[in-house]
Amino acid sequence: MTDPTLPPEPAPPFDPAALPEPVELLKSNGYVLLLVIGAIIGVPVAAFAYFFLKLVAQAQEYLFTTLPDDLGFHTVPAWWPVPLLVLSGLLVAAAIKYLPGTGGHSPADGFHAAGAIPPIELPGIILAAFATLSLGVVLGPEAPLIAIGSGLGVLAIHLLKRDAPPMAAVVIGVAGSFAAVSTLLGSPIVGAFLLMEAAGLGGALLGVVLVPGLIAAGVGSLIFVGLDDWTGFGTFSLSVPKLPAAASPTGAEFLWAIVIGVAAAVLAAGIKRLALFVRPLVARNSLLFTPVAGLAIGLLVVLFTQVTDRSSSFVLFSGQDQLPALLEGAAGWSVGALVLLMVCKGVAYSISLSSFRGGPVFPGLFIGAAGGVALSSVTDLPMVAGAAMGMGAMTTAMLGLPLTSVLITTLFLSADGVTLMPVVIVASAVSYVASARLTPTP
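When you read off a place in the sequence shown, starting at 1, and then add 99, the result is the number in my numbering.
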């Protein structure tokens, strides 16, 4: 007889080996029900993700543009981001310390598929993500959205059927993640590859988990498009810039792809090592040191704006919205300004990875593109080719997901991406192999 004063024994962990064969699952009536639930779950999850992204965009616009004007500043002071980033540190630390869970996983460990997120952790994930994204920290929305989508999916399946088997929670949680990032990376297919590659899914079980997720992603894309048509807010997707047509790759560009792949691996290893060095220092007293981390990011922003006279937004935020402007206006950047941008953005990115909660995809894309543009300024390498190889190589080095990195780069650059895919693949492959030797173990 158990002692009622003791806490209950934890439930046994989910054991994939105990599942029926994938073919049996596919033929079962329960799996058909999961497909239907996955499609239904895609609607509220995508709607939540859409309005969450809109709220973040509105908060950024108000805090960094409207509020200074309301307070009587005719131009935004150079120091303005500093108190906002300090506030972000305080709010993120409070969410991690006082709310259930840890506000999502630490991005310093790299990109992870969310798995089945317990719904009780959703408030902490949402608050930490909103405080990170809206107040200018150098991280993206993809990881929090994946976790939020998973948590909402698990919550829905538990509300529908309290005694649902673990497999149902896993499948619907994955479907929720697919729906949440259905258009953020330019296409539902990229989000699907991102989650599959990060989770290491393979074999016959891949299709079992993938199909409900793809259905949810397709429904989520329709919801994003429909809400854009209804509200006019946009789809919050990685947009395609207006770039000159790229020529077919040359032999010299293949050699540059090797150089860029190695350089990206070295740069990414430095960013990761600094993040892993800073993280335990911040964790000793997160309520004190996370705001200090925000202060350090703010000072980097001030340094960049004062030296280059460029907008603080190039260092702040994830870089998703600033990347098209960087590429379209590449001719107006000096090599020195681009190098300083990479240094300030890279160090700010590293500090953000160590202390805050968000996704690592978009800052890596941005830094890689800036490096490619800088290289093209001092060599005969075409700008678009340099940016494409830099984006693919740097994203691969930061995420460890070469297939996803090539897909993101290709879709972002549209027709140019298809033309340049061979050299992007080479740069990403070299970066992947070099990173395996250079990246520290978390």
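Beta carbons: idealized from backbone N, C-alpha and C, even for Gly.
The structure displayed is predicted, hence computed values, not measured ones.
In the three-state reduction of the DSSP assignment, Gly-319 falls in the helix class. A Cβ-Cβ separation of about 7 angstroms places Ala-242 in contact with Gly-203 under the 8 angstroms criterion. With a cutoff of 8 angstroms on beta-carbon distance, Gly-458 and Pro-206 are scored as near each other. At the C-beta level, Ser-276 and Val-236 stay beyond 8 angstroms of one another. DSSP places Val-181 inside the alpha helix (DSSP H), whose first and last residues are 180-197. Between the stretch 435-450 and the stretch 413-425, the count of Cβ pairs shorter than 8 angstroms is three or higher; the stretches touch.
Across the set Gly-317, Phe-210, Met-482 and Leu-284, the C-alpha of Gly-317 shows the shortest separation from the C-alpha of Val-135. Of Gly-397, Pro-222, Glu-220 and Leu-321, the smallest CA-CA separation from Ala-146 is found for Leu-321. Shown here for Gly-463: same chain residues with a beta carbon closer than 6 angstroms to its own, the five before and five after excluded, namely Met-493, Thr-494 and Met-497 in chain order. When only Cα atoms are considered, Pro-501 and Ala-356 end up about 14 angstroms apart.
Within the same chain, and ignoring the five residues on either side of Val-460 in sequence, the residues whose Cβ sits closer than 6 angstroms to its Cβ are Gly-239 and Glu-241. Runs of the alpha helix (DSSP H) lying entirely within the stretch 401-481 and spanning at least 4 residues, in chain order: 422-427, 434-454 and 460-477. Only residues of its own chain outside the window of five on either side were considered, and among them Gly-360, Ala-363, Ala-364, Ala-492, Thr-495 and Ala-496 have a CB closer than 7 angstroms to the CB of Ser-530, listed in chain order. By the criterion of a C-beta distance shorter than 6 angstroms, Gly-393 is surrounded in its chain by Leu-184, Val-185, Ser-187 and Gly-188, once the five residues flanking it on both sides are discounted. Residue state for Gly-312 is assigned as helix, using DSSP reduced to three classes.
Counting C-beta pairs closer than 8 angstroms gives fewer than three between the stretch 512-526 and the stretch 379-390, which falls short of the contact rule. The beta carbons of Ala-274 and Gly-137 sit about 4 angstroms from each other, so the pair counts as a contact at 8 angstroms.
By the neighbour-count criterion, in which a residue is buried when 16 or more other Cβ atoms sit within 10 angstroms of its Cβ, Gly-435 is exposed. Val-472 sits close to Trp-432, with the two beta carbons spaced by under 8 angstroms. For Gly-239, DSSP records a beta bridge to Gly-458.
Taking C-alpha positions only, Ile-507 is separated from Leu-284 by approximately 7 angstroms. Residues Glu-427 of the same chain have their beta carbon placed closer than 7 angstroms to that of Lys-341, with the five preceding and five following residues left out of the count.
Counting the other CB atoms within 10 Å of its CB gives Gly-499 a total of 16 or more, which places it among the buried residues. Distance from the CA of Thr-389 to the CA of Pro-343, rounded to the nearest whole angstrom, comes to 42 angstroms. In the three-state reduction of the DSSP assignment, Ile-271 falls in the helix class, which pools H, G and I. In the three-state scheme derived from DSSP, where H, G and I count as helix and E and B as strand, Thr-349 is classed as coil. Take Ser-451, set aside five residues on each side of it, and the residues of its chain with a beta-carbon closer than 6 angstroms to its own are Val-236, Val-237 and Leu-238, in chain order. In the DSSP annotation of this structure, the continuous segment of the alpha helix (DSSP H) that includes Val-517 starts and ends at 501-537. Rounded to the nearest angstrom, the Cβ distance from Gly-485 to Ser-475 is 4 angstroms, consistent with a contact under 8 angstroms. For Gly-223, the enclosing alpha helix (DSSP H) starts and ends at 221-233. Ranked by Cα distance from Met-488, the first of Gly-319, Leu-510 and Leu-519 is Leu-519. Annotated three-state conformation of His-211 is coil, per DSSP. Annotation: the continuous alpha helix (DSSP H) that includes Asp-169 extends over 166-169. Here Leu-198 is near Pro-222, since their CB atoms are less than 8 angstroms apart.
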